[in-house]
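K.L.:
Sequential numbering of the sequence shown, starting at 1, is according to full-length UniProt numbering. Every residue gets a Cβ at the ideal spot worked out from N, C-alpha and C, and that includes glycine. This one's a predicted model, so the numbers in the text were calculated from it and none came from an experiment.
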Amino acid sequence: HLIEKPEDSSVAKDHCIAMVQCKVLKQLSILEQRRFDDEDITADVEYLSEKLQNSVQDLSSFDEYATEVRSGRLEWSPVHKSAKFWRENAQRLNEKNYELLRILVHLLETSKDAIILSVACFDIGEYVRHYPRGKHVLEQLGGKQIVMQHLGHEDPNVRYEALLAVQ
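#1: According to DSSP, is P132 part of a helix, a strand, or is it coil?
#2: Using the beta-carbon count (16 or more within 10 Å), is S29 buried or exposed?
#3: Thinking C-alpha only, which one of D123, I116 and I115 is nearest R92?
#4: If you draw a straight line from the C-alpha of C22 to the C-alpha of R73, how long is it?
#5: From which residue to which residue does the alpha helix (DSSP H) around K96 run?
#6: Distance, Cα to Cα, S10 vs G125?
#7: What residue does the alpha helix (DSSP H) around H15 start on, and which one ends it?
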């Protein structure tokens, strides 16, 4: 229903992206190995698997990144560590009145998860490194102070990423 029913194709695409990020494809591949007495289940698994695989191919790395940031569940996925991604997309964090950058700053203020904090610091550091006015924008949003607060974080990875971000 999440893919078939929405009349707006962008809603269906967002649902596909969310499912891909929640690792539904992996679960579907496990289900495809099983035999079900109910043919509808087999057909549904195949249909969903095909739709999600198609959406993965259509998905730009920035779309994937934006969805991950909006979800608030940051992890060390490949886009974070890709220099090419940051060269091409750092300025896109300015879109929609700095929406993604504001979310990263908000995560630094509210999250207790060391991985989320480390990734958010890293991403802010990459934004500042690759976008000429990045330091100025970050200061305007109050993000520099928040990153600096994490220089004293108990987790060494958070401290390290915060240090790199403010250099």
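P.N.:
This is what the structure holds:
#1: Here residue 132 refers to the residue found at position 132 when the sequence shown is read from its first residue. Coil.
#2: Position 29 of the sequence shown holds residue 29. So S29 counts as exposed.
#3: Here residue 92 refers to the residue found at position 92 of the sequence shown. Of the candidates D123, I116 and I115, the one whose C-alpha sits nearest the C-alpha of R92 is D123.
#4: Mapped onto the sequence shown, residue 22 falls at position 22. Mapped onto the sequence shown, residue 73 falls at position 73. Rounded to the nearest angstrom, the gap between the Cα atoms of C22 and R73 is 10 Å.
#5: Here residue 96 refers to the residue found at position 96 of the sequence shown. Element bounds for K96: E95 to T110.
#6: Along the sequence shown, one-based indexing puts residue 10 at 10. Along the sequence shown, one-based indexing puts residue 125 at 125. Distance between the alpha carbons of S10 and G125 is about 31 Å.
#7: In the sequence shown, counting from the first residue as 1, residue 15 sits at position 15. It spans S9 to Q21 - the alpha helix (DSSP H) in which H15 sits, taken as one unbroken run.
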